[in-house]
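Residue 350 in full-length UniProt numbering sits at position 350 of the sequence shown, with consecutive numbering throughout.
Glycine included, each C-beta is placed from N, C-alpha and C at the ideal position.
Each remark here refers to the structure printed beneath this line.
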Amino acid sequence: MRQITYILGIVLSLFALYGCSNKDDNKYLNDLDTALKDYPKYISLKQHSIQEKKDKLPFTRSKEAKYNLLMDIYRDYQSFALDSSLTYINQAIKLADELGDEERIMDTNMSLAFLYNFAGMHHEALEIYNNTNIAGHSSWLRRSHFYLGMNVYRNLATYSTDKSKKAEYTEQMDVCRDSAIAYAPEDLILKTERLNDNGKTTEAIAQLSKGLPDNLATNDAGLKYYVLSEFYGKLGETDKQIKYLAMSSTAGVKNAVREYVALRELAVLLYKKGDIDRSYRYIHQCIEDAEACNARMRIVETSIFLSVIDSTMVKHKHESRNMILIALTIVGILLILLSIASISLRKKMRIIQEANNKLKEMNEQIKEANIAQDNLNKQLSLSNKIKEEYITRFMQLCLLYIGKMEDYRKHLSKVAHKHNFDELYDTIQSNLYLNKEVETFYNNFDEAFLRLFPNFINDVNALLRSDSQIELKEGKRLNTELRILALMRLGITDSSKVQKFLRCSSSTVYNYRTNMRNKARKRDTFEEDIMKL
């Protein structure tokens, strides 16, 4: 039986371990999972915000205000829906031409180039970059121009299969980045990326870590955390890379960004670590977002890995089903064995239970016998105590009465010696001496009894109704009623003996006893209860 239970425990433990195998306590991944559950809400908020701006367009009369509104809508759509973003940037280009503002024309054309770059149209974006002459224009426009060039050359270098071209594009990217930093020296991301490319990754991490936002919902949070994840990836610190990719992805979700890289890279890393379930969910989320955004380049990038994870997931599910099938078979066999063992065990338990019941019954009998023995011992002890007390009292009273009889004899002798027969006769006939001795006897009885039973009066009152409590006069120990009850407690229940003790008639004793029973809470058992006190 123990062996079966042990084996069953092992199988159930395997189930538990398997169920928990893909779970972890990574706070940042859990935060990302929570954010993804609320993703539809963030998407809805984004759509509502964009729609509010679009609703203002027909009522905006000023061309400058309309241009600014179109650029806002373009930026909102830029990482949300590329086709829509393209529509509004083309409208902004047309309006910039109407305004005749050269910097706005250049800004909108470079914005169009950014969209081309996102869509994988790198050469079209490069053409716009090369055809844009920024000489003599504002610093912010020059900075945007070089930032565009840096991003275009980075993508060209990333996707180029020609080593010489890759090196050429990388060199051009560095030139554009240096120029962008010259016009934006405060741009922490550009500066730390340059440090990283120059082999100063640790320094880059230290600088970028100081400027990280606490709120993941800010616009630049996702980019900063993504860049930091790249730095840690270069150092081979995969756990930290996963952490910052998760934070970057969470920021993207909260900002309703559909055009991203972080979640896809996170899915790849988790796949390599064996977290197949999460990797599968994340990569499918990437595909959904890329298709919703119409980001063709992201669709192609993600699809390459999607086929790998899908085939692995199918295999993973197949293995899971096989394992569950094997485990269920083992559990089924064990349950059959357990049922057989259980039947056998129940029979043995029934025998043991019967033996225990008999043993319990014997123990109860022994317990009752012990209680009876204890009660008997207590009664014997009390009886011995009563005997000792009353023997001592009897001897003392005998000696006392001998002395008093001697004194009484001497007194009568003196009276007789004086031949005063009238006084002698009066003394003999008087009850004064007798009454005094009877009172002394009762006082001795009361004192002796209350020494044996100090709580007797309170115990008697507990047996009486609340309106029939006995209250003694000051200085008096027992009254006649209590003396009758005291004699009962001592075992003297014969009315004739009680009558002689109290020096009264039998009817008087009867009346006292009847009266006390009538005052009792339980009339029928009152005298029995008195004898148990």
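* To do: If I'm right that residue 463 touches residue 385 with Cβ under 8 Å, what's the distance once you round it to whole angstroms?
  => Actually they do not touch by this definition, with Cβ atoms about 23 Å apart.
* Beta-carbon proximity of residue 216 to residue 247, cut-off 8 Å -> Result yes, Cβ atoms of residue 216 and residue 247 sit closer than 8 Å.
* Spatial distance of residue 218 from residue 321 (CA atoms) -> Spanning the two alpha carbons is a distance of roughly 44 Å.
* Kindly list the residues whose CB is nearer than 8 Å to the CB of residue 293, restricted to its own chain and excluding five residues on each side of it in sequence; keep chain order. => Here the set comprises 79, 80, 81, 82, 258 and 259.
* Asked: Starting from residue 260 and walking both ways along the alpha helix (DSSP H), at which residues does that stretch end?
  -> Premise fails: residue 260 is in no alpha helix (DSSP H) and is neither H nor E.
* **Start and end residues, alpha helix (DSSP H) containing residue 81** => First-last for residue 81: undefined, no H or E at that position.
* Asked: Thinking C-beta only, is residue 70 closer than 8 Å to residue 47?
  -> No, they are not a contact pair.
* To do: Assign residue 267 to one of three DSSP states: helix, strand, or coil.
  => Note: residue 267 maps to helix in three-state DSSP.
* To do: Could you tell me which of 268, 255 and 151 sits nearest to residue 242, measuring between CA atoms?
  => Here the closest residue by C-alpha is 268.
* Drop a sphere of 10 angstroms on the beta-carbon of residue 417, count the other beta-carbons inside from all chains shown, and report buried for 16 or more, exposed for fewer. => Under this definition residue 417 is an exposed residue.
* DSSP on residue 337, reduced to helix/strand/coil? -> Helix, per DSSP.
* To do: Have a look at 105, 104, 124 and 103 and flag the residue whose alpha-carbon is nearest the alpha-carbon of residue 113.
  => Residue 124 holds the alpha-carbon nearest to the alpha-carbon of residue 113 among 105, 104, 124 and 103.
* **DSSP three-state assignment for residue 526, whether helix, strand or coil** => In the three-state reduction of the DSSP assignment, residue 526 falls in the helix class, which pools H, G and I.
* Asked: Where do the N-terminal and C-terminal ends of the alpha helix (DSSP H) with residue 150 fall, by residue?
  -> Boundaries of the alpha helix (DSSP H) harbouring residue 150: 139-159, taken from the DSSP string.
* Neighbourhood of residue 39 by C-beta, 7 Å cutoff - its chain only, sequence neighbours within 5 removed -> If we look at residue 39 and ignore the five residues flanking it on each side, its Cβ neighbours are 253.
* **Cβ contact check for the region 115-122 and the region 284-301: 3 or more pairs under 8 Å** => Flag = yes, the region 115-122 and the region 284-301 touch.
* To do: Please classify residue 503: is it buried, with 16 or more other beta-carbons within 10 angstroms of its beta-carbon, or exposed?
  => By the neighbour-count rule (16 or more Cβ atoms within 10 Å), residue 503 is not buried but exposed.
* Which partner residues of residue 520 appear in the DSSP bridge assignment? -> Answer is 464, bridged to residue 520.
* To do: Leaving out five residues on either side along the sequence, give the residues of the same chain with a beta carbon under 7 Å from the beta carbon of residue 356.
  => Taken in chain order, the list of residues that qualify is empty.
* To do: State whether the region 144-157 contacts the region 166-176, with contact taken as three or more CB pairs (one from each stretch) at a distance under 8 Å.
  => Yes, they touch.
* Which residues in the same chain as residue 25 place their Cβ atom closer than 8 Å to its Cβ, once the five residues preceding and following it in sequence are excluded? -> Because residue 25 carries a pLDDT of 46, less than 50, the predicted location of this residue cannot be relied on, and no value is offered for it.
* Coarse secondary structure for residue 186, derived from DSSP in three states -> Note: residue 186 maps to coil in three-state DSSP.
* Exposed or buried, which one is residue 193 when buried takes at least 16 other CB atoms within 10 Å? -> By the beta-carbon neighbour count (other beta carbons within 10 angstroms, threshold 16), residue 193 is buried.
* Beta carbon of residue 50, beta carbon of residue 74: below 8 Å? -> One thing to note: residue 50 has its Cβ no nearer than 8 Å to the Cβ of residue 74.
* To do: Determine the DSSP secondary structure at residue 469, reduced to helix, strand or coil.
  => Residue 469 falls in the coil class under three-state DSSP.
* To do: Let me know the secondary structure DSSP gives residue 61 once reduced to three states.
  => Residue 61: coil per DSSP, three-state reduction.
* Taking C-beta to C-beta, are residue 512 and residue 481 nearer than 8 Å? -> In contact: residue 512 and residue 481 (Cβ atoms closer than 8 Å).
* Asked: In the structure shown, what three-state DSSP assignment does residue 237 receive?
  -> Here residue 237 sits in coil by DSSP.
* To do: Tell me whether residue 132 sits in a helix, a strand or coil according to DSSP, three-state version.
  => Residue 132: coil per DSSP, three-state reduction.
* Answer yes if the region 155-163 comes into contact with the region 129-142, meaning at least three C-beta pairs across the two stretches below 8 Å, and no otherwise. => Touching, no.
* Output the distance between the C-alpha atoms of residue 330 and residue 323, rounded to the nearest integer angstrom. => Taking the straight line joining both Cα atoms gives about 11 Å.
* **Start-to-end residues for the alpha helix (DSSP H) that takes in residue 40** => Where residue 40 is concerned, the enclosing alpha helix (DSSP H) stretches over 39-56.
* Asked: Ends of the alpha helix (DSSP H) at residue 209?
  -> 201-210 is the span of the alpha helix (DSSP H), which, as asked, contains residue 209.
* To do: Tell whether a beta-carbon distance below 8 Å holds between residue 244 and residue 223.
  => No, Cβ-Cβ distance for residue 244 and residue 223 is not below 8 Å.
* Asked: Beta carbon of residue 554, beta carbon of residue 231: below 8 Å?
  -> Because the chain in this structure spans residues 1 to 533, residue 554 falls outside the shown range and cannot be described.
* To do: Compute the Euclidean distance between the alpha carbons of residue 105 and residue 126, then round it to the nearest angstrom.
  => Each residue's Cα considered, the two are about 17 Å apart.
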